[in-house]
């Protein structure tokens with residue numbers, strides 16, 4: 484990149500124009516990027532792949548358990564409206580069809596911090612961003628020294644949508660063999676360009692597809708229509724809390740439409756689940772090998788409330804422990820998203836921290852989690868027409884689609900709370916191996932090899 488010299492600014496501007504023309508746009512602006520993907524090693528990807536596969540199985544069990552497990556419902560304490568939606572049988576297995584598992588990656592150590600299970604975004608943007616970078620940046624030295632591969636995720640997305648519909652149609656044979664897909668969000672969504680990307684991928688796979696708002700839907704008790712067109716498969720991008728009671732919910736309840744993600748996936752979106760994954764009361768939902776993955780990849784987490792709990796080998800009064808150990812902890816709203824309301828103890832004054840603990844101790848609406856240091860790497864930025872390497876904070880965002888690892892994106896920021904909607908950048912995650920194997924690799928564990936290698940599908944970069 485440094486050899487591009489004065490051409491860097493021109494290359495960056497050309498990529499930005501290309502991305503704008505190809506709908507890599509959020510809230511009216513081209514999504515921020517840098518002049519390279521984020522490279523991970525094959526060993527790192529194997530670790531992530533194995534962990535994602537294990538966690539998806541566990542999360543699906545928690546989602547399925549919710550309607551009949553009173554203890555789980557008591558812990559999550561959802562609103563009556565949300566509870567009613569989650570109880571709707573989606574008509575197909577594996578409710579967690581699409582999930583983004585946000586994590587920090589330090590070497591081979593993976594720590595998951597949040598599960599975006601309601602309506603995760605970014606799949607379409609990232610596939611097109613990779614295409615744009617690949618076309619614009621010809622780097623012979625990289626190609627000669629490294630083998631690189633990227634996993635396109637749009638085909639997996641379309642595949643799991645169709646699989647869910649086929650399962651629903653098995654019990655509703657009067658539904659058409661080939662569905663019309665509607666991608667549905669609330670009016671005014673900033674992500675409409677990504678919806679166009681996804682609809683184009685669906686059409687390329689042979690589906691009729693359109694994007695619509697919840698205001699465009701009408702249900703007559705038999706057929707759901709979007710903008711007047713009958714639809715039988717909905718890719719839901721509207722968050723549960725934003726859904727109006729009405730046509731989409733009624734059609735889903737009658738199983739006249741397959742809704743992906745189904746409302747039941749909302750269970751896995753609640754951050755209280757991090758505290759329940761190692762709770763002995765829910766051990767029946769976790770297999771022994773999955774419990775090992777949880778211990779390795781999930782930071783210590785508790786629902787913020789009065790009482791005694793364990794921290795390592797200690798038994799502590801939770802509220803006193805949280806107040807006294809601000810710098811090693813993070814407080815988060817259990818149900819919010821986008822980094823809203825997250826308080827990093829290391830960046831919060833003691834008085835404000837104690838006030839937060841006091842305000843939320845009785846409500847059970849916050850979780851407290853062990854702080855995980857934010858990873859940093861050097862990324863190229865264009866300044867005054869030249870490439871400068873700058874230290875950026877980053878997280879990885881592997882996607883689970885259809886119950887398995889499907890690929891990964893990376894988000895970067897100058898801030899500790901990393902979010903594209905708050906000015907962060909988006910990068911495709913690319914697997915890179917030095918042709919002379921100068922990247923130190925460790926052998927995959929037998930579990931990781933068995934879990935991941937059979938499913939691996941890469942497109943050459």
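Residue numbers (this note's numbering): 484 to 944. From the three backbone atoms N, C-alpha and C, an ideal C-beta is built for every residue, glycine too.
Classified as exposed, residue 829 has fewer than 16 neighbouring CB atoms from the shown chains inside 10 Å of its CB. Shown here, residue 571 sits in coil according to DSSP, grouped into three states, outside any helix or strand.
Looking from the CA of residue 663, the closest CA among 654, 771 and 648 belongs to 648. By DSSP's assignment, residue 884 forms a beta bridge with 581 and 887. It is roughly 8 Å from the alpha-carbon of residue 881 to the alpha-carbon of residue 535. In this structure, the beta-carbon distance from residue 580 to residue 744 falls below 8 Å.
The beta-bridge partner set that DSSP reports for residue 800 consists of 791.
Measuring C-alpha to C-alpha distances from residue 766 to each of 507, 510 and 545 identifies 545 as the nearest. Considering only 651, 888 and 707, the residue with the shortest C-alpha distance to residue 537 is 888. Taking C-beta atoms as the reference points, residue 804 and residue 820 fail to come closer than 8 Å. Collapsing the DSSP output to three states places residue 606 in a helix. DSSP places residue 754 in the coil class of the three-state scheme, outside both helix and strand.
Of the candidates 867, 688, 619 and 741, the residue whose Cα lies closest to the Cα of residue 713 is 741.
The C-alpha of residue 704 is placed about 57 Å away from the C-alpha of residue 629. Straight-line measurement puts the Cα of residue 632 at about 49 Å from the Cα of residue 789.
In terms of CA proximity to residue 813, 833 leads the group 796, 798, 833 and 797.
Bridge pairing for residue 592: 589 [DSSP]. Taking 3 residues as the minimum length, the beta strand (DSSP E) runs contained wholly in the region 515-576 are 521-523, in order along the chain. Residue 502 counts as buried, since at least 16 other C-beta atoms from the protein chains shown sit within 10 angstroms of its C-beta.
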